[in-house]
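Comments concern the structure below.
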Amino acid sequence: MKEQIKTLARDYAADLIANRRHLHANPELSFNEFKTAQFVAEQLKAIGLTPQEGVANTGLVALIEGRAGRSSESRVVGLRADMDALPIHEANDVPYKSTVEGVMHACGHDVHTSSLLGTARILQQLRDQFEGTVKLVFQPAEEKAPGGASLMIKDGVLENPAPASMLGQHVAPNVPVGKIGFREGMYMASTDELYLTVIGKGGHGAMPDQLIDPVLIASHIIVALQQIISRNRKPANPSVLSFGRFIADGVTNVIPNEVKIEGTFRCMDEEWREDGLRRMKKMAEGMAEAMGAVCEFTVVRGYPFLKNHPELTRRMRSAATEYMGAENVVNLDLWMAGEDFAFYSQVVDSCFYRLGTRNEERGIISGVHTPTFDIDESALEIGAGLMSWLALEELRVKN
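Structural data, given as structure tokens:
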């Protein structure tokens, strides 16, 4: 079976590249993946599948039923690809450059989608040779809260039939093409956005005694909030608090009435996440009040932390080693970025692994979310074939 999969992935490589280039040239932002969804639906119907369209508005779900016999112990495995692009102007000079001004597939979702379409084609051709069901999940809006994954779960993507496990694949521009990365347990962080408005009393900078200086108060708050990370968090619990926006719209001799601050809080423990947010709000509001000001503290909830189920991930790593060779399977470090695949991982056993796409000899080295991001397209054949193999290996596990 493994060699059959590799042969089919190789046979379909040109189509994988063509599909990826079509998607790359025609990107769509989160919650607006209408043409992308139509393209995916057409591809699935062309191989004999009947996709359920309109899940979470622009998402799709399709089932591949194995025909080698079924039993009460037959498993269901879910495979997920995200489809949305980013509001970035592409700087690459390539034939498949984005044709949409200010929109680009800069996080590899074109790769994920075309790869899963290839996996669907491989498994559909091999369906007479395996038992169980593969659930294909083409998901919108990974890049924008509340996250397409959460909406698809609300629409029942983990039901009827319920997958015993979910697999997700993501490009890794820091990993050489031809290699695959895994990590058990905690992998990616929860992501919450923080918006603070410190309201004081502005006026002339030469008369600070007549003012309630929100610039000074906001500065104290920013520094003090880091104490929560360094003194209230368990040292072994990864956590990041960063502020990237501080707007004090005064001039050299005019102190403004208010200051706006924006930042992000990330961690890998849901209990600490709640405790940390509570402590930050209490400290910011209390410090502002003690200095005569008011602090409005708003949290926009993002994604939970992503955890890779240890036993499942070990199985997938072993299967990947068999498919790729031990020298091509690498360990991943913790990553404090966010990913809405985490919603699946909070509900069902999940494994989110990385597909190497870097090629230094060809200058393909840019990171995700940059205007020069691209991939070595030989990764597509690997991605489609490997996910097919992992799915079939997981279907062999007894319930």
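Its first residue numbered 1, the sequence shown is counted upward by one per residue in UniProt numbering. Positions of the beta carbon are idealized from the N, C-alpha and C atoms, including for glycine. Since this is a predicted model, take the numbers as computed values, not measurements.
Asked: Nearest-angstrom Cα separation, counted from M186 out to L277; Found: 20 Å
Asked: Which residues DSSP lists as bridging A172, in chain order; Found: G356
Asked: Cβ neighbours of A9 in the same chain (closer than 6 Å, five flanking residues each side left out); Found: E381, A384 and G385
Asked: One or two residues paired with G263 in a DSSP bridge; Found: L194 and F243
Asked: Euclidean distance between Cα positions of P27 and T313; Found: 31 Å
Asked: Exposure of K307, with buried meaning 16 or more beta-carbon neighbours within 10 Å; Found: buried
Asked: Closest by C-alpha distance to L395, when choosing among T58, G78, V294 and R20; Found: G78
Asked: Burial state of V259 (16 or more Cβ within 10 Å); Found: buried
Asked: Among D155, S165 and G54, the one whose alpha carbon lies nearest that of S74; Found: S165
Asked: Extent of the continuous beta strand (DSSP E) to which K135 belongs; Found: T133 to Q139
Asked: Per-residue DSSP class, three states only, for I255; Found: strand
Asked: Among N160, R315, E159 and I180, the one whose alpha carbon lies nearest that of Q169; Found: I180
Asked: Residues sharing a beta bridge with T298, DSSP; Found: Y195
Asked: The region 116-136 touching the region 313-325, judged by at least three CB pairs closer than 8 Å; Found: no
Asked: Supposed contact pair E339 and Y303 - C-beta distance, whole angstroms, cut 8 Å; Found: 7 Å
Asked: Reduced DSSP category for V60 - H, G, I as helix; E, B as strand; rest coil; Found: Correcting the residue identity first, residue 60 is Leu in this sequence and not Val. L60: strand per DSSP, three-state reduction.
Asked: V103 versus A206: straight-line alpha-carbon distance, rounded; Found: 47 Å
Asked: Y323 in three-state terms, based on DSSP; Found: helix
Asked: Where the beta strand (DSSP E) containing Q52 begins and where it ends; Found: Q52 to V55
Asked: At least 3 beta-carbon pairs within less than 8 Å: the region 51-64 vs the region 139-156; Found: yes
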